[in-house]
Amino acid sequence: MKLKQQLPLILAFAAPVILIGITALTVYIPKLHNKPKYDFIYTIGSYYPAYAVDASGHIFEETAPIQDGEVPNPVTKGGYTAPIPQLYYYDVATQKGTPITLDQAKKHQLSALEQSPDGYSIGYGGNDGVFPFFVSDSNNYNIRYIQGHGINQKINIATPIDSYNYNFQMIGWVIN
Amino acid sequence: MLEQIKQAAVAGTLTKQELTEAYDAGLPGNAEATSKRRMTFSESIQYLGSGIVFIGIALLIGENWNTLSTAARILTTFGSALVAFAISIALLRKEVTHKLGLAFILISILLMPVGVYTIFDALGIKFITSGQQLVYEVVVAVIYIAARWATRLRLYIIPITFFATALFFTLTGMLFSNLSSTALITFTEYRFLIVGLSYMLFGYFFTQKQDRIFASFFYIFGVIGLLTSAMFLSGFGSDKNTGQTIWEIFYPILVFLAMYFSVFVKQTKILVFSALFLMADVIKVSGEYFSNSLGWPLAVVIAGLLMIAVGYLSVYLNRKYIKQTVA
Chain A
5 MKLKQQLPLI LAFAAPVILI GITALTVYIP KLHNKPKYDF IYTIGSYYPA
55 YAVDASGHIF EETAPIQDGE VPNPVTKGGY TAPIPQLYYY DVATQKGTPI
105 TLDQAKKHQL SALEQSPDGY SIGYGGNDGV FPFFVSDSNN YNIRYIQGHG
155 INQKINIATP IDSYNYNFQM IGWVIN
Chain B
7 MLEQIKQAAV AGTLTKQELT EAYDAGLPGN AEATSKRRMT FSESIQYLGS
57 GIVFIGIALL IGENWNTLST AARILTTFGS ALVAFAISIA LLRKEVTHKL
107 GLAFILISIL LMPVGVYTIF DALGIKFITS GQQLVYEVVV AVIYIAARWA
157 TRLRLYIIPI TFFATALFFT LTGMLFSNLS STALITFTEY RFLIVGLSYM
207 LFGYFFTQKQ DRIFASFFYI FGVIGLLTSA MFLSGFGSDK NTGQTIWEIF
257 YPILVFLAMY FSVFVKQTKI LVFSALFLMA DVIKVSGEYF SNSLGWPLAV
307 VIAGLLMIAV GYLSVYLNRK YIKQTVA
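Set out below in structure tokens:
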């Protein structure tokens, strides 16, 4: 068979390989140049946020007082209680989350905006479906990513997240 | 007829090569081969019967899954697939029973993935990880490739293609498992785009080999994959990012390229699907941009007029360049 006749066949097999190559480049090259600079504080352990950031950029207890290791539901203000959330400080350089106390968190000035000052945000992970049945809801609530400027950096969350409660709560980016 | 050929040659719609190929295809030996590719009514009934047998076995297994022993499950699925394959081998040897053999091959093709799944299940492999899926797809694809090699039947190209495509999705999903939700959606759209493009190229390969059935098969799935994924890449709604805007602009160009390609390979099916996707794009763009500025009623009128134009263009192209030269 002539090369001209075989060319479509060669290209048909080459196209998926080229896609893999291009995707690999677009995934790994931005990682070499772009790195998120701002650490952040998050909580694990409750569906409802128990902490928030005030206008001056400092963390405060949204629902007070915390009693008997449980926090009242801040939405309904009723008798329902949720487990007390644990605060974590995420160091983007070492990519590690360390448990901290509320007093330690109060020492930092935070930004509660969705995007960090250098343009990164926190996103969900994805669920890849099985060919040819791809599910429409492809969020994986067990995994979080730092996204932006072409990078998707998986957050190494210290405690396994309960997927039913998807209880990771972003509190704010550490400004200083 | 010769006068028509002369006119077609002057108009440039018929080349010497096409004429020679058509003449060669009409020669006694080749004409028989061509006629074999046309499916008769009785063949259709046989293949339909194969499908019904498959559904029957699937229902039998499905309803009695818990009561059947592991050995019985494997026998009814994988065993049936092997028996159907063995019968087909015997039938394919004789010219009289050749087509009946193809009906049994179809049963074997449909049952084989179920059979392999049952064996995997019996071994305790529950398809939880991508790696398990990958192994399953490789095993089934290898069985089909071996069967294709043993029987020399081109029918196996279809299941091989299906499992090769599944393999591509699983493998790329594993390679880039560290993607976020939004990145994964875009990546999946690009994966479908590339699969569509590959299918179109396979179609062109079969066009060159004068195999219109396989060419049509790959063109239909190819054009659907290509244009659907490109439409998703252009996004829905007027709030778009840069990539989506580029795809929005490129989309009509892609559809017109598909239309040009349909004329080039003389495939009405590509033209029909291209026209349908262009109409869908007209509605989508009208809804995204004109419904707010011009209002919905006027946007619908514009969309309707553009759809009439698209319809007329496709009918014109089909009559002028495809039907005329194929006939």
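Protein chains in written order, with this note's numbering: chain A, 5 to 180; chain B, 7 to 333. Just so you know, even glycine gets a beta-carbon here, dropped at the ideal spot from N, CA and C. Computed from a predicted structure; not experimentally measured.
{"Asked": "Residues that DSSP places opposite D95/A in a beta bridge", "Found": "K100/A"}
{"Asked": "Spatial distance of A54/A from T47/A (CA atoms)", "Found": "9 Å"}
{"Asked": "Buried versus exposed call for P103/A [16 or more other C-beta atoms within 10 Å across all chains shown]", "Found": "exposed"}
{"Asked": "Partner residues on chain B for Q9/A, Cβ-Cβ distance less than 8 Å", "Found": "F211, Q214 and K215"}
{"Asked": "With 16 other Cβ atoms within 10 Å as the buried cut-off, status of E101/B", "Found": "exposed"}
{"Asked": "Neighbour list for L203/B in chain A, Cβ cutoff strictly below 7 Å", "Found": "A19"}
{"Asked": "For T21/B, three-class secondary structure by DSSP", "Found": "coil"}
{"Asked": "Option in Y149/A, H37/A, S60/A and F64/A with minimal Cα separation from S187/B", "Found": "Y149/A"}
{"Asked": "Closer than 7 Å at the beta carbon, the chain B residues around G127/A", "Found": "S186, S187 and T188"}
{"Asked": "Where K6/A sits in the DSSP three-state scheme", "Found": "coil"}
{"Asked": "Cβ pair Y196/B, G209/B closer than 8 Å", "Found": "no"}
{"Asked": "I14/A burial status per 10 Å Cβ neighbour count (16 or more: buried)", "Found": "exposed"}
{"Asked": "Neighbour list for Y196/B in chain A, Cβ cutoff strictly below 9 Å", "Found": "L23, I26 and T27"}
{"Asked": "F182/B versus S125/A - alpha carbon distance", "Found": "20 Å"}
{"Asked": "I159/A vs Y93/A beta-carbon contact at 8 Å", "Found": "no"}
{"Asked": "Neighbour-count burial assignment, W4/A, 16 or more Cβ in a 10 Å radius", "Found": "Missing from the structure shown is residue 4/A; chain A here goes from 5 to 180 and no further."}
{"Asked": "Bridge-paired residues (DSSP) for F64/A", "Found": "A56/A"}
{"Asked": "Close beta carbons around G152/A, own chain, < 7 Å, minus the five adjacent residues each side", "Found": "G123, Y124 and S125"}
{"Asked": "The stretch 311 to 326 of chain B / the stretch 240 to 250 of chain B touching (three or more Cβ pairs under 8 Å)", "Found": "no"}
{"Asked": "Bridge partner(s) assigned by DSSP for I48/A", "Found": "Q90/A"}
{"Asked": "Opposing strand residues paired with Q13/B [DSSP bridges]", "Found": "DSSP lists no partner for Q13/B."}
{"Asked": "Bridge-paired residues (DSSP) for I1/A", "Found": "The structure shown does not extend to residue 1/A, since chain A is modelled only from 5 to 180, so the question has no answer here."}
{"Asked": "Whether V144/B touches L173/B by CB criterion (8 Å)", "Found": "yes"}
{"Asked": "Status (buried if at least 16 other CB within 10 Å, exposed otherwise) for K41/A", "Found": "exposed"}
{"Asked": "Cutoff 8 Å: L15/A Cβ touching any chain B Cβ", "Found": "yes"}
{"Asked": "Residues of its chain near S204/B, where Cβ-Cβ distance is below 7 Å and the 5 sequence neighbours each way are ignored", "Found": "none"}
{"Asked": "Entirely enclosed alpha helix (DSSP H) segments - the stretch 150 to 203 of chain B, minimum 4 residues", "Found": "163 to 181"}
{"Asked": "Candidates R218/B, G179/B and K105/B: closest to Q52/B by CA position", "Found": "K105/B"}
{"Asked": "Between the CA atoms of Q139/B and M180/B - distance to the nearest angstrom", "Found": "10 Å"}
{"Asked": "L8/B, buried or exposed, once every other Cβ within 10 Å from all chains shown has been counted against 16", "Found": "exposed"}
{"Asked": "Residues that DSSP places opposite G176/A in a beta bridge", "Found": "I45/A"}
{"Asked": "Sub-8 Å separation of K275/B and S222/B beta-carbons", "Found": "yes"}
{"Asked": "According to DSSP, residues forming a beta bridge with L263/B", "Found": "Partner(s): none; L263/B has no beta bridge."}
{"Asked": "Collapsed DSSP secondary structure at L114/A in the structure displayed", "Found": "strand"}
{"Asked": "CB contact check: F174/B to chain A, cutoff 8 Å", "Found": "yes"}
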